[in-house]
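By the count of this note's numbering, the sequence shown reaches residue 608 at its end, each step adding exactly one. One structure below.
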Amino acid sequence: MNREAAINTINAIYDKYEKNPYMLSKTNNYIINQLPTILDNINNTHIERQQRIDELTQNQDQFIESFLNNNQYFYIPSTENFFFYDGIHYQQFNEDDILYHILSTISREKELSSWKQSTKNAIMKRIRENSLIKSIPESETIQFVIDSLCPLLFKTRTEAKYFLTILGDNIFRKNNNIIHYIDAKSKHFIRNFNNFCQMWIGQSFYQTFKHKYHDHDYNDCRVITISDFVKVETVWNSIITQTGLDMICVACHYSERYGSSDNYALQYSNDADLINDVFYLKQNTTADIVKAFVSEYLNVEQRTTLNIDTLSRNTQVTWRDMQYLWKNFLETRRLPSIMFFQTLKTQLIASLSQYYNESTDSFVGICSKHLPEIQKFLAYWEETIIVDENEMDFEIEEIIILFRKWCTTNKETVTNLNDKQILDVISYFYPELEIERDKYVSHIRSTIWDKQLDIQVALDNMKNSIREKSQQNSDRVQSPSLRSNISIYDAYRFYCKYYSNLNTVNKLIVSKAYFEKYVFDNLSQYIVDSKFLSYEWYQL
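In structure tokens form, the structure reads like this:
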């Protein structure tokens with residue numbers, strides 16, 4: 069401010085009216101009597117207005133803080149999605165609903181009514197700066213997420229937390245040089261959850277997950293173990309739809325809290341089993357792993373000299389059988405395919421060079437306690453199972469029962485292979501066969517049990533039984549309308565009862581679904597309402 073300029077202005081006014089007593093009197097009165105009062109009023113008004121602005125600003129700040137603390141809204145710029153957290157679950161939220169919530173809440177604050185728009189804009193700015201992946205979930209949310217994963221997909225809570233920390237690391241693009249091996253059966257779960265993540269937060273977490281070995285450096289490899297339930301779509305789909313956003317937020321929180329998945333496993337998990345499983349490849353070379361395989365799965369004849377041409381064929385393992393044993397070794401240790409077969413073969417030949425017969429591609433003088441049972445099953449299969457496109461399917465349970473019957477008939481020791489072992493053998497040695505839902509093997513038939521013939525025999529007997537009853541009632545005149553159809557369900561009950569009453573040891577019964585499919589495929593012209601066999605069928 070320039071006081072001199074103000075004084076000069078006043079002097080100029082006095083000079084201007086120097087010869088005008090009236091204006092000099094007015095000027096003098098205005099400056100001396102009125103101007104101080106006017107300036108005091110202006111100053112007081114300014115002070116009051118500033119105090120009001122400060123008060124409103126303080127009220128606005130308090131309102132904004134209270135609103136944001138009581139209503140946890142978040143935003144993801146890349147997808148322009150808003151989210152709301154109620155302290156238990158995260159959910160996507162519509163921007164219009166947030167605006168309505170803000171404005172309706174401001175309307176209840178009369179003091180802020182004149183600042184409604186600026187308050188709304190300030191809150192929306194703060195929300196847009198509040199990233200979902202930087203949120204800190206409550207303990208209840210964290211426990212909910214872990215409970216949804218353990219023990220359904222992961223055996224222990226530390227395994228579940230390790231998996232979540234990996235997801236967070238990948239979302240934040242940490243340690244992209246690390247390879248996380250996870251079983252191929254989890255592919256659909258990982259892929260669909262990754263799509264879910266990309267849809268809502270615009271980030272992928274798939275980059276470090278691998279399902280197959282591609283000559284990666286073991287130092288960069290980590291192993292994730294996951295249960296077989298991950299194959300069931302209803303299981304993983306419900307986890308994604310019900311806990312997807314919660315999982316993403318907990319995963320990001322863990323990554324921030326622990327620094328990285330490696331740090332969590334080594335410094336925070338306090339779980340030796342987890343550490344050994346995760347860092348198995350980092351802690352072992354290919355030679356170490358092959359040595360462990362030989363020690364656990366092979367019995368080697370200790371001889372200083374060995375004539376591989378004169379040894380019994382019973383003490384040899386073909387390369388094909390060796391690959392199966394290796395596959396079993398990996399599955400037992402819950403490891404992925406961690407080396408190429410040629411690398412494995414080179415390592416085995418190097419350590420068992422005196423036992424390898426190149427002409428037969430076999431390791432002679434070596435046997436395995438795991439092979440006799442498998443070879444027995446393969447002998448049963450080759451002798452009794454025939455590929456037949458006209459056959460429907462056999463359940464794994466039925467195959468096991470027939471295998472045991474075959475063992476008994478051939479005076480072999482009954483082998484107790486479980487469903488998974490049978491599936492593994494069939495999948496490996498007969499990869500061309502179609503296996504559905506890990507339960508059915510399609511298009512095969514058995515020389516021990518002709519399922520379709522059994523059904524047809526039972527149906528023929530049922531037809532004869534109905535005819536006999538009709539002949540017994542031949543003295544009574546029957547109206548054509550009294551002719552009744554036979555329910556397929558009753559036909560199945562007759563089939564079950566028919567074979568249950570036969571004096572046959574361990575007579576097998578087909579499933580209701582198989583029976584119905586046979587009827588629909590072979591008696592389609594007599595099917596009524598998808599539930600009955602027409603009376604015309606038994607009158608033939």
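C-beta atoms are modelled at their ideal positions from N, C-alpha and C, and glycine is treated no differently. These figures come from a predicted structure and were not determined experimentally.
By the C-beta density criterion, residue 98 is exposed, having fewer than 16 other C-beta atoms within 10 angstroms. CA-to-CA, the gap between residue 451 and residue 420 works out to about 33 Å.
Around the CB of residue 321, 16 or more other CB atoms lie within 10 Å, so the residue is classed as buried.
At the C-beta level, residue 257 and residue 300 stay beyond 7 Å of one another. Rounded to whole angstroms, the separation of the alpha carbons of residue 240 and residue 249 is 19 Å. In its own chain, leaving out the 5 sequence neighbours on each side, no residue places its CB closer than 6 Å to the CB of residue 133.
Rounded to whole angstroms, the separation of the alpha carbons of residue 530 and residue 387 is 53 Å. Residue 323 places its beta carbon less than 7 Å from that of residue 233. Taking the Cβ atoms as the reference, residue 441 lies roughly 5 Å from residue 483, within the contact range of under 8 Å.
According to the DSSP assignment, residue 335 belongs to no alpha helix (DSSP H), since it is labelled neither H nor E. Note: residue 368 is bridge-paired with 434 in the DSSP secondary-structure output. Assignment of residue 426 by DSSP, reduced to helix, strand and coil, places it in the coil class. Taking residue 280 as the centre and dropping the five residues before and after it, the same chain places the C-beta of 252, 404 and 405 closer than 8 Å to its C-beta, in chain order. Closest in C-alpha terms to residue 528, from the list 559, 516, 504 and 506, comes 559. In the three-state DSSP reduction, residue 158 falls in the strand class (E or B).
Collapsing the DSSP output to three states places residue 278 in a strand.
Annotated three-state conformation of residue 72 is helix, per DSSP. Within its own chain, the residues whose Cβ lies closer than 7 Å to the Cβ of residue 566, once the five positions on either side in sequence are excluded, are 526 and 529, listed in chain order. Cβ-Cβ separation between residue 289 and residue 217: approximately 22 Å, too far for a contact (criterion under 8 Å).
The criterion of a C-beta distance shorter than 7 Å is not satisfied by residue 245 and residue 237. With a threshold of 16 other beta carbon atoms within 10 Å, residue 396 meets it and is buried.
Judged by DSSP in its simplified three-state form, residue 149 adopts strand. Positions of the alpha helix (DSSP H) runs, each at least 4 residues long and wholly inside the stretch 475-502, are given as 487-497 in order along the chain. With respect to the 7 Å criterion, residue 434 and residue 385 are classified as neighbours on the basis of their beta carbons. Residue 514 sits buried, since 16 or more C-beta atoms from the chains shown fall within 10 Å of its C-beta. Looking at 267, 268, 270 and 254, the one whose alpha-carbon comes closest to that of residue 278 is 254. For residue 162, the closest of 171, 148 and 175 by C-alpha to C-alpha distance is 148. Boundaries around residue 513 are those of the beta strand (DSSP E), 512-514, since no alpha helix (DSSP H) includes it. In terms of Cβ geometry, residue 353 and residue 407 do not form a close pair [threshold 7 Å]. One thing to note: residue 198 has its Cβ within 7 Å of the Cβ of residue 142. The alpha carbon of residue 519 has as its nearest neighbour, out of 475, 577 and 553, the alpha carbon of 577.
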